[in-house]
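Counting with this note's numbering, you get residues 265 to 1239 for the letters of the sequence shown.
All C-beta atoms in this analysis are idealised placements derived from N, C-alpha and C, irrespective of residue type, glycine included.
Here the structure is a predicted model, which means the values were calculated and not measured.
The structure appears below as structure tokens.
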Amino acid sequence: MVGATKWLASAALGALALGVAMPAAAQVTTGDQASTSTEAEGEGVVVTGTRLAQPGVMSNSPITTVDAGEIRLQGATNIESVLNRLPQVTADANENVSNGSDGTSQVNLRNLGSNRNLVLLNGQRLLPVQATDLNFVPAFMVKRVDVVTGGASAVYGSDAVSGVINFVLRDDLNGVKTDVQYGFSAHHNDNAGYRQRLTAAGFSRAPDSPVDGQRFDANIAMGTNFADNRGNVTAYFGYRDVKPILQYNRDVSACALDPNGDRSDLVCGGSSNNEFGRFTPLRDGVSPTGYNNTRDGQKTWVPYDNSFRYNYAPSNYFQRNDTRYTAGAFARYEVTPAAEIYGSFMFMDDHTNSQVAPSALFQGYNYSINCDNPLMSAQQGQLLCGSAYGTSATQDTYIGYRPVAAPAQPRRDDLRHTDYRVSGGVRGEIAPGIRYDANALFSTVLFNETYRNDIDPAKANKALKVVNRNGTPTCLSVIDGTDPTCVPLNVFQYGGPSAEALSYIYSPTSTDSISKETVLSGTFTFDGGAFGAKLPWADTGIGAVIGVEHRRESYEFNADALAQAKGTQEVSGKFDVTEVFTEVRVPIVENRPFLEELSLTGGYRYSKYSTNDKGVSTYKGEIAWAPSRDLRLRGGYNRAIRAPNIRELFDPRAPGNITAQDPCSGATPTATFAQCALTGVTQAQYGRIIECPSETCNGLFGGNPALKPEEADTYTAGVVLTPTFMPRLTLSVDYFNIKVKDYIGTIPVPLTISQCFATADPFFCSLFQRNPRNGVLFGADANTLGYVTATNLNTGELGTSGLDIGASYAVPTRVGRFSVDMLGTWLRELTTQSLPGFPTYDCKGLFGGSCGQPSPEWRHQARFTWVSSDQKSSVSLNWRYIGATKLSYNTSDPSLTGDKYIINSRLPVANYFDLAATATVATNLTFRIGVNNLLDRDPPAIAQGVLSSFGNGNTYPGVYDVAGRTFFVGLSAEF
């Protein structure tokens, strides 16, 4: 199979070199090119961002549209990868996130968070907001994707703060449509710097030319019209299978990267929870670095140092495996013009695995060993227990032991989502100019998670209490009868645990959840033109819509007994909201000199939530002026809200990993005792606090039932040029400005740490909760762990502004049509005020720490396409540009500053080129072939202590390509 795959890679490159053509009609456009979301509006159409039918397809809000041709040219089988290429979007949960993933895919518009944009499907909510998953969207059925910038809460309700993403599916097929596609990655590992680090550390280098990440996607849709075209039924079925990519298979991720001593370079590091075994007895007089088993397998301890670190990276997934089944059907039947019945059913079963390094007895859990344990040597016993060695006394200790020499397997998080979505309603025209639509939507998301190959620390603790019984090491729990199945665990030498002991301590845990959403809505739409309700200078009548909507959401999370014993808490919650809304469009002047169009649009929505005694109002106002057909100006203001979702309200408080380091840790802390004392460090603890393993400390996260809705003010203004003297040219520039007040979130742990030590502010310093025994900021024992509090609250303000710039031009020639489509975003600011009255920091052009993923000042993608004169073939080159960013720690901003880095001080510009082609090879049969990341560019390598949200494998997957050069071939047919 590998040989065949490599041959296919060569064939693909050869075909591209020969100019085998690619499908036409692929666009990413911006401006007024939004299409209809339903054709049931008489002569008017409805564009995303409004509920009003309008004469034509002009939008008063900036809309970026991605059509089905663009999706095919990218060879996309997962729709979030298409959206992540847009310069307005920052990567969020995606297939390249492994450790900590919940298996979903999401979209983050304007880098304000995936929870601040609303995802729609055919103009209705996709799924319960806390369970949004773009995997549910069948890319094969997508007709186009509309991305609306700016608040749209007055139109669609809560969550539409940064904008709306509307997936418009094809639901009117009259025939059969099929599509099959196969793809894979073929990366060449030749980065000398990356490979030298692996050699220096004694680790295996990544293979030279791995072929992996294979993808297979097959879909079929069938539809038919009936009753003289008054009805239609369309059904679809889809299957997708994605193979994993291991971090070991890429130079950039084959080892975990740490900075060297002066942070001028990167070295292979790893976890102090190592395969030999680290021990830090929790008693006075023991160095915070502790001891380590020797590499030779003898029962001897030596002082721990970084040379014992374990390379946990190779077995981690860089791309998760995934198997997805989708199915659905759409139906409509016009009984009379006054009553058209319609409905839909959609289903998805998605199964994926997150894989990380083998489990361990992790530091932070208080393991207890009896001082007469026969499995340890006298030297180890004396270092562990001191003068108590040989007695029945017990000694608490931290253990970092990863039994990889025994038959241990990587930890696998088995993630399965089963989603159902049903909608139905009736609509029609009950009188000239009066239409109605009554609809009900029901969606359910079932989530099942099983965490496999994980060590149960409670069982491990039993297996560490061992005595000599008749010459045989035996668990105390076997002797006293509390656990007759216990098997002694030998952690006192490399390779010591027996297969039977590992079988005893490994135990899977399972959790499950169910999210439900019910939406009942009804609208009446009025076309004033039918009643003569129009202004004297306008040709179009005043339009209005009024409506009511009731939404109910619920969430229930359950955990098995072992998961609860490890600290997982069960939770449930629900809320409902009732809303009334209206929208009015007033054409003032039309088809007059210097006033081709002048119109105003306004909207209002009142919402009453069961979780809030007070109702909230949202509203909007928009203006459009076209002095001629060549020029159109538009602007708008929206007051938007986002009510807290169920998980933000009710999630239990629990610790979670966060990339950070404790300035008070180690034998020579970087912070003074006076600074550390503000966080709860005692004089006895100072200089003896153990470092957070792998630069991973604990944050305490969880819900807050007292949360109130966010409020946002969004402003947009733009100009669209379509000069008649230069046909087929469109230029657009749109300004956006979004300010969010009282935003729901957490105070980033790195910000809390930097602010406490830089300013001694009592608020930030009070968020530290150190382990009272030894002052650490990590741990697994719920009673003694340390952490930095980062639970949900209404914090300060978020803000962003900038320009979206679009251009489209086509030139017909004798040899075919040449066209270019470009969309870019210039970021003016991306600001955060962590709390009211606190300083504001700007993450424009920065990455890392509190700024998270890179936020370059400029991003764009541009597609250059040639289409043959007979429209049967085309070749298309796409250019993706990601601007340079600087490390936030290196700035002078006291809200961001941290440890200075020479390496990673700047991430360079990234240019990616994608080549694609199609050809019509038979009637109704189209062949396509393509390669993404044509030049096989490596992502930037970043120290693990710098990475933050959605960063793994020493880089930011989703922002940068991590698979390397990828190929795809496909066939599509419609008849």
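Query, Result
"For the region 903 to 935, list the alpha helix (DSSP H) runs that are entirely contained and at least 4 residues long, ordered along the chain.", "910 to 914"
"Mind pulling the beta strand (DSSP E) runs of 3 or more residues that sit fully within the region 508 to 566?", "521 to 523, 530 to 532, 542 to 545 and 555 to 557"
"What does the alpha-carbon distance come out to for the pair Val-266 and Asp-586?", "Note on Val-266: pLDDT 41, under 50, position unreliable in the model; no value is reported."
"According to DSSP, is Gln-757 part of a helix, a strand, or is it coil?", "coil"
"How about Lys-723 and Ser-767: are their beta carbons less than 8 Å apart?", "no"
"What is the DSSP secondary structure of Glu-305, counted as helix, strand or coil?", "Here Glu-305 scores only 37 on pLDDT, less than 50, and its place in the model should not be relied on; the value that follows carries that caveat. Coil at Glu-305, not helix or strand."
"Quick one: what does DSSP say Gly-1147 is sitting in, helix, strand or coil?", "coil"
"Any contact between the region 942 to 959 and the region 534 to 541? By contact I mean 3 or more CB pairs, one from each, below 8 Å.", "yes"
"Quick check: what's the CA-CA separation for Asp-454 versus Asp-515?", "8 Å"
"Might you give, ordered along the chain, the residues of its own chain that have their beta carbon closer than 7 Å to the beta carbon of Asp-1242, omitting 5 neighbours on each side?", "The structure shown does not extend to residue 1242, since the chain is modelled only from 265 through 1239, so no value can be given for it."
"Among Asn-1175, Leu-1211 and Gly-1194, whose alpha-carbon lies nearest the alpha-carbon of Ser-1169?", "Leu-1211"
"Mind checking Asn-855: buried by the 16 CB within 10 Å criterion, or exposed?", "exposed"
"Quick one: what's got a C-beta closer than 8 Å to Gly-654's C-beta in the same chain, skipping five residues either side?", "Cys-635, Asp-636 and Gly-645"
"Have a look at Gln-297 and Tyr-1073 and give me their C-alpha separation to the nearest angstrom.", "Note that Gln-297 has pLDDT 45, beneath the 50 cutoff, so the model's placement of it is unreliable and the number below is only indicative. Cα-Cα distance, rounded: 14 Å."
"Curious, which full-length beta strand (DSSP E) runs of at least 3 residues does the region 1034 to 1097 contain?", "1051 to 1053, 1061 to 1077 and 1080 to 1097"
"Cutting at 7 Å between CB atoms, please list the residues of its own chain near Asn-1154, excluding the five before and the five after it.", "Lys-1164, Tyr-1165 and Ser-1169"
"In the DSSP assignment, what residue or residues form a beta bridge with Ile-814?", "It is worth fixing the name first, because residue 814 is His in this sequence and not Ile. In DSSP, His-814 forms a bridge with Leu-784 and Thr-842."
"Quick one: is the Cβ of Lys-872 within less than 7 Å of any heavy atom of the ligand MG?", "As presented, the structure is devoid of all ligands, the ligand MG included, so that no description of it is given."
"Who are Met-486's beta bridge partners in DSSP?", "Val-440 and Ala-499"
"In whole angstroms, what is the alpha-carbon distance linking Thr-600 and Ala-808?", "24 Å"
"Report the three-state DSSP secondary structure of Ser-299 (helix, strand or coil).", "A caution first: Ser-299 carries a pLDDT of 39, below 50, which makes its placement in the model unreliable, though a value can still be read off. Of the three classes helix, strand and coil, the one that applies to Ser-299 here is coil, per DSSP."
"Going by C-alpha to C-alpha distance, which of Leu-942, Phe-1027 and Val-620 sits closest to Arg-1034?", "Leu-942"
"Starting from Ser-608 and walking both ways along the beta strand (DSSP E), at which residues does that stretch end?", "603 to 622"
"Between Gln-543 and Leu-648, is the Cβ-Cβ spacing less than 8 Å?", "The sequence as given places Phe at residue 543; Gln does not occur at that position. Closer than 8 Å, so yes."
"Could you pull the start and end residues of the beta strand (DSSP E) that Asn-242 belongs to?", "Missing from the structure shown is residue 242; the chain here goes from 265 to 1239 and no further."
"On a CA-only basis, which of Gln-1019, Tyr-597, Tyr-458 and Thr-1161 is nearest Ile-1206? Give me that one, please.", "Tyr-458"
"Is it the case that the region 385 to 400 contacts the region 906 to 924, given that we only count it when at least three CB pairs across the two stretches are under 8 Å?", "yes"
"Can you give me the start and stop residues for the alpha helix (DSSP H) that Phe-965 sits inside?", "Here Phe-965 belongs to no alpha helix (DSSP H); instead the beta strand (DSSP E) covers 960 to 965."
"I need the straight-line Cα distance from Ser-1083 to Thr-988, nearest angstrom please.", "18 Å"
"Does Arg-349 come out as helix, strand or coil in the three-state DSSP assignment?", "coil"
"Quick check: what's the CA-CA separation for Gly-1070 versus Asn-1175?", "19 Å"
"Helix, strand or coil: which one does DSSP assign to Asn-570?", "helix"
"Please return the same chain residues whose Cβ sits closer than 6 Å to the Cβ of Ile-1146, not counting the five positions on each side in sequence.", "Pro-1120, Arg-1123 and Ala-1174"
"By a C-beta neighbour count over all protein chains shown, 10 Å radius and 16 as the cutoff for buried, is Leu-350 buried or exposed?", "buried"
"With H, G and I counted as helix, E and B as strand and the rest as coil, what does DSSP make of Lys-1164?", "coil"
"Tell me which same chain residues have a C-beta within less than 7 Å of the C-beta of Thr-1059, skipping the five on either side of it?", "Tyr-1007, Gly-1009, Ile-1011, Ser-1098 and Leu-1099"
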